[in-house]
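A.B. asks: Take a look at this one; I'll ask things after.
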Amino acid sequence: MKTTGNTDKFFKEIKDELKKGSTQKTHPFRYFTLGTVGLDHFVRLRTVVLRDFSEELKCSFYTDYRSKKIIHIKENNKVGLLFYDPEKLLQIKIEGLANIIKGKAKEEEHGQTIQEQSRKEYTTALAPGTPLKDAAPLEYLNEENHFCVVEVTPYKIEYLKLEQPEHIRVRFSNRNELWNGEFLVP
Ligand SMILES: Cc1cc2nc3c(=O)[nH]c(=O)nc-3n(C[C@H](O)[C@H](O)[C@H](O)COP(=O)(O)O)c2cc1C
Numbered sequence: 580m581k582t583t584g585n586t587d588k589f590f591k592e593i594k595d596e597l598k599k600g601s602t603q604k605t606h607p608f609r610y611f612t613l614g615t616v617g618l619d620h621f622v623r624l625r626t627v628v629l630r631d632f633s634e635e636l637k638c639s640f641y642t643d644y645r646s647k648k649i650i651h652i653k654e655n656n657k658v659g660l661l662f663y664d665p666e667k668l669l670q671i672k673i674e675g676l677a678n679i680i681k682g683k684a685k686e687e688e689h690g691q692t693i694q695e696q697s698r699k700e701y702t703t704a705l706a707p708g709t710p711l712k713d714a715a716p717l718e719y720l721n722e723e724n725h726f727c728v729v730e731v732t733p734y735k736i737e738y739l740k741l742e743q744p745e746h747i748r749v750r751f752s753n754r755n756e757l758w759n760g761e762f763l764v765p
């Protein structure tokens, strides 16, 4: 994955920080905001955990296959990801295409990294978002689970750092496997 021009160091910073977000539990990029827009045309936002950041810049998270975000992604796989580091005043915005991966192989590959309690979250008898009379107790399924992985392949990445004397804003666009970076007015 190559970039062109003098924006390279910002691209490297993005990759380094996202990698840390996927591997370090306390890193501010560990959690990000995922935006989806389904057929209803309403944007829906939620926090998810960055589980993996690959060499190809794919960002992965885990979810329940029955959740609204999956319905949205099936209707429209163009999604937005928002990362923010309040200490560095660094914001990364990603636009990408989401791919839902379900099945035993993926589950086993990622299974090692999921703790027992988290695993349980994908086995509720009722789908996420179903209204309840009371907060607890929840009923769980024994055999079945609705775990899936969503991989987002970015096609646009925007870097913004607020600093003095001037803020820095860089937009990276992917064309034919080549990332092109350009500075923007912040
Ligand atoms: C700190 C935090 C981390 C979360 N991580 C995830 C996650 O990794 N995957 C997920 O599906 N939901 C996660 N959630 C819950 C989502 O924010 C959201 O409420 C839920 O997935 C339902 O969203 P939906 O109805 O739009 O699909 C997290 C919530 C919080 C507060």
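According to the working numbering, the stretch in the sequence shown is residues 580 to 765, in order. By construction, the Cβ of each residue, glycine as well, lies at the ideal position given by its N, Cα and C atoms. Just so it is clear, the structure is predicted and the values come from calculations on it, not from any experiment.
With respect to 7 Å, is the separation between the Cβ of SER646 and the closest non-hydrogen atom of ligand 1 below this value?
C.D. replies: Locating residue 646 in the sequence shown gives position 67, counting from the first residue. Yes, the beta carbon of SER646 sits closer than 7 Å to at least one heavy atom of ligand 1.
A.B. asks: Tell me the start and end of each unbroken beta strand (DSSP E) in the segment 584-619 that is at least 3 residues and wholly inside, in chain order.
C.D. replies: 610-616
A.B. asks: Would you list the one or two residues that DSSP bridges to ARG625?
C.D. replies: The count along the sequence shown starts at 1 and reaches residue 625 at position 46. DSSP lists LEU613 as partners of ARG625.
A.B. asks: Could you compute how far the alpha carbon of PRO716 sits from the alpha carbon of THR709?
C.D. replies: Indexing the sequence shown from 1 puts residue 716 at position 137. Indexing the sequence shown from 1 puts residue 709 at position 130. If you take the alpha carbons of PRO716 and THR709, they lie about 14 Å apart.
A.B. asks: Does ligand 1 have a heavy atom nearer than 7 Å to the CB of VAL622?
C.D. replies: Counting from one through the sequence shown, the residue named residue 622 turns up at place 43. No.
A.B. asks: Answer yes or no: the CB of ARG698 versus the heavy atoms of ligand 1, is any distance below 7 Å?
C.D. replies: Reading the sequence shown from its first residue, position 119 is the one you call residue 698. ARG698 Cβ: outside cutoff for every heavy atom of ligand 1.
A.B. asks: I want to check one thing, is the minimum distance from the CB of ASP643 to the heavy atoms of ligand 1 below 7 Å?
C.D. replies: Within the sequence shown, the letter at position 64 stands for residue 643. Yes; taking the cut-off as 7 Å, the Cβ of ASP643 has a heavy atom of ligand 1 nearer than that.
A.B. asks: Run the proximity test for THR626: is its beta-carbon closer than 7 Å to any non-hydrogen atom belonging to ligand 1?
C.D. replies: In the sequence shown, counting from the first residue as 1, residue 626 sits at position 47. Yes, Cβ of THR626 sits closer than 7 Å to a heavy atom of ligand 1.
A.B. asks: Go ahead and label VAL764 buried or exposed: buried means 16 or more other beta carbons lie within 10 angstroms of its beta carbon, across all protein chains shown.
C.D. replies: The sequence position of residue 764 within the sequence shown is 185, counting from 1. Exposed is the call here.
A.B. asks: For ligand 1, I want to know if PHE632 counts as a neighbour, meaning its beta carbon is within less than 7 Å of at least one of the ligand's heavy atoms.
C.D. replies: The count along the sequence shown starts at 1 and reaches residue 632 at position 53. Because no heavy atom of ligand 1 lies under 7 Å away, the Cβ of PHE632 does not count as near it: no.
A.B. asks: Is there at least one non-hydrogen atom of ligand 1 closer than 7 Å to the beta-carbon of PHE640?
C.D. replies: Counting from 1 along the sequence shown, the entry for residue 640 is found at position 61. Yes, Cβ of PHE640 sits closer than 7 Å to a heavy atom of ligand 1.
A.B. asks: Using DSSP with H/G/I as helix, E/B as strand and the rest coil, what is LYS712?
C.D. replies: The count along the sequence shown starts at 1 and reaches residue 712 at position 133. Reduced to three states, the DSSP call for LYS712 is coil.
A.B. asks: What residue from GLY614, ASP664 and ASN655 has the CA that sits closest to LEU739's CA?
C.D. replies: To locate residue 739, count along the sequence shown from 1; it is residue 160. Here the closest residue by C-alpha is ASP664.
A.B. asks: Just to check, is the beta-carbon of TYR663 closer than 7 Å to a non-hydrogen atom of ligand 3?
C.D. replies: For the structure depicted, ligand 3 is absent and the ligand set comprises only ligand 1.
A.B. asks: Can you tell which of LEU668, PRO707, ALA677 and ASN755 has the C-alpha that lies nearest to the C-alpha of GLU745?
C.D. replies: The count along the sequence shown starts at 1 and reaches residue 745 at position 166. Nearest of LEU668, PRO707, ALA677 and ASN755 to GLU745, Cα basis: LEU668.
A.B. asks: For LEU624, collect the residues of the same chain with a Cβ closer than 6 Å to its Cβ; drop the 5 residues on either side in sequence, then sort them by chain order.
C.D. replies: As a working note, residue 624 is residue 45 in the sequence shown. For LEU624, where only same-chain residues beyond five positions count, the Cβ hits under 6 Å are THR612 and GLY614.
A.B. asks: Pick from ASN724, TYR610, ASP713 and ASN759: whose alpha carbon is nearest that of LYS681?
C.D. replies: In the sequence shown, residue 681 corresponds to position 102, counting from 1. Nearest C-alpha to LYS681: ASN724.
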